[in-house]
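Notes for the one structure printed next.
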Amino acid sequence: MTGAEQGQSDTAGEPVAMTRPAIAPELRLRLASGLRIVTLIGMVFLIVGTVVSLVQVGDLPRATVPPSELPERLLALDAPAIVSLGFLTILLAPVYGLISLAYGCLRQRDRFYAAAAGLVLTILVLSVVIALVTRGA
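Using full-length UniProt numbering, you'd call the opening residue of the sequence shown number 1 and step up by one each time.
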């Protein structure tokens, strides 16, 4: 094994960086466009909910709606429910991004980045679960 293969230096005496190849450009573009779309959908819900509230009540929504009540209240075009759906959509964008990244990396057989995305997703989900459990205690 030469010095360059060990990461010490190349023939000119410069250190050689041992780097992993970057995530494929097509995966990055697909991930970026997906996150952009999810975020825009969330923003549309926020804007529509705000407009509906201004038209119906003449004021901005002041409270969010629990997820268990969303379906019923969305069918009734309840402004706070529409705004709550917008918040939930934007909050779920990182989860969508991590799942998409892990899946895309697995399809490209890049286990390192897939495992990193899976680890971050696991930490994110566990933090939500711990927060819900400790809040109820």
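Backbone N, C-alpha and C fix where the C-beta goes; we use that ideal spot for every residue, glycine too.
Enumerate, from N- to C-terminal direction, the unbroken alpha helix (DSSP H) stretches of 4 or more residues contained entirely within the region 17-66. 25-56
So what does DSSP say about Ala117, is it helix, strand or coil? For the purposes of this step, residue 117 is identified with residue 117 of the sequence shown, where counting begins at 1. In the structure shown, Ala117 sits in a helix (DSSP, three-state: H, G or I).
Suppose the cutoff is 8 Å on Cβ atoms and the five residues either side in sequence are ignored; what does the same chain contact list for Val51 look like? By 1-based counting over the sequence shown, the position of residue 51 is 51. Taken in chain order, the list of residues that qualify is empty.
Does the region 83-100 come within contact of the region 40-47, defined as at least 3 CB pairs closer than 8 Å? yes
Do Gln108 and Ala24 come within 8 Å of each other at the CB atom, strictly closer than that value? Here residue 24 is taken as the residue at index 24 of the sequence shown, counted from 1. Here residue 108 is taken as the residue at index 108 of the sequence shown, counted from 1. Cβ atoms of Ala24 and Gln108: closer than 8 Å.
Do Ala114 and Cys105 have their C-beta atoms within less than 8 Å of each other? Translated into the one-based positions of the sequence shown, residue 114 becomes position 114. Translated into the one-based positions of the sequence shown, residue 105 becomes position 105. Cβ distance < 8 Å, so Ala114 and Cys105 count as in contact.
Nearest neighbour of Cys57, chosen from Leu101, Ala79, Val128 [CA to CA]: Locating residue 57 in the sequence shown gives position 57, where the first residue counts as 1. This sequence places Val at residue 57; Cys is not what is there. Val57 has its Cα closest to that of Ala79, out of Leu101, Ala79, Val128.
What is the DSSP secondary structure of Arg109, counted as helix, strand or coil? Translated into the one-based positions of the sequence shown, residue 109 becomes position 109. Three-state DSSP puts Arg109 in coil, outside helix and strand.
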